[in-house]
Every structure is written in C-alpha cells, then in structure tokens.
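J.: Handing you this structure, nothing more for now.
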Amino acid sequence: MAPKPRILAVALALFATLPGTARAVDAPYEARLYRLGEILGSLHYLRNLCGEEGNAWREQMEALIVSEDPSPEKRKRLVASFNRGYRSYAEIHIACTPAAAEAIARYMKEGETLARETAATFGN
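Residue numbers for the sequence shown follow the working numbering, so the first one is 1 and each next one is one higher.
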C-alpha cells in the first residue's frame, strides 16, 4: 500500500486558515468540504479493505470536523458525508480488487487536488 498522503495536513491547514466569520454561515467552500468528507469515508473503507488496518481516515475526518468547529446541524451533514462515502463502497466491495485499488488512487488524487484548490481559492 502506498504511503499515506498529505491530505490531512493540507485539508486541516486549509480549513484552519478560513475566516471564522465565513464558518458561521454556509461558507462558499461548503460543498467541497462535504465532498472531502465523502472521499475520506471512501478511503477509510477501501484502504482497510486493501490491507491498511486502523482508523487513520476516520481520525482525519474527526480532526477536520474539530478544525471546522461546525454547528450541530453542519456536523451531522459532515458525518453523513463521511458515512455515505464509506457505505457506497461497503455495499459493493467485499475484497480488495483492482477496481478498489484504482478507486483508492483516484480518491487520493481527488482529495489532494480538492484541498489544494480550495486552499488557493478560499485560504488567507
């Protein structure tokens, strides 16, 4: 399995630098945040399926939620996005296949790109 990406560091740095007032309402980066949650959920399931044991991806999502400091409703939506990503693969993949490995590679790239572009667009 490939080494863990820098997605957590990039994502946390991104969301920690966004202005607090933008976080009080639906921020313009909100859809990207939920997509990142889905990606982390998918990676949590797939990486464990393909031999990476542990909760690293769930812990990254928890750290992202802490850094975002969301309202209860927004927290619920963030958790739902993670769970949606997890369940979408749990329903169809029961073994590590070439398709699962390809999905991991795609999500790693998408997550890193999403975090980097969001930081460039919305960061301070």
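From the three backbone atoms N, C-alpha and C, an ideal C-beta is built for every residue, glycine too.
Count the other CB atoms, across all protein chains shown, that sit within 10 Å of the CB of SER71; report buried if there are 16 or more and exposed otherwise.
T.: Exposed, because fewer than 16 other Cβ atoms sit within 10 Å of the Cβ of SER71.
J.: Hey, quick one: how far does the alpha helix (DSSP H) through HIS44 stretch, first residue to last?
T.: Note, HIS44: alpha helix (DSSP H), 30-49.
J.: Quick check: what's the CA-CA separation for GLU102 versus LEU43?
T.: Going from the Cα of GLU102 to the Cα of LEU43 covers about 11 Å.
J.: Along the chain, where does the alpha helix (DSSP H) containing ILE65 start, and where does it finish?
T.: Note, ILE65: alpha helix (DSSP H), 56-68.
J.: Rounded to whole angstroms, what's the CA-CA distance from ASP69 to HIS93? Just pull it up for me.
T.: Taking the straight line from one Cα to the other gives about 33 Å.
J.: Is the CB-CB distance between GLY123 and ILE39 below 8 Å?
T.: No. Outside cutoff.
J.: Where does the unbroken alpha helix (DSSP H) through GLY85 begin, and where does it stop?
T.: From DSSP, the alpha helix (DSSP H) with GLY85 extends over 72-90.
J.: Taking the alpha carbon of CYS50 as the reference point, which residue from GLU117, THR97, LEU114 and THR121 has its own alpha carbon closest?
T.: The residue with the shortest Cα to Cα distance from CYS50 is THR97.
J.: Can you tell me whether THR118 is buried or exposed, with buried defined as 16 or more other CB within 10 angstroms of its CB?
T.: That one is buried.
J.: In angstroms with no decimal places, state the Cα-to-Cα distance between ARG23 and ILE104.
T.: At ARG23 the pLDDT is 47, less than 50, meaning the model places this residue with poor confidence; the figure from the coordinates comes in the next sentence. Using only the alpha carbons, I get a separation of about 30 Å.
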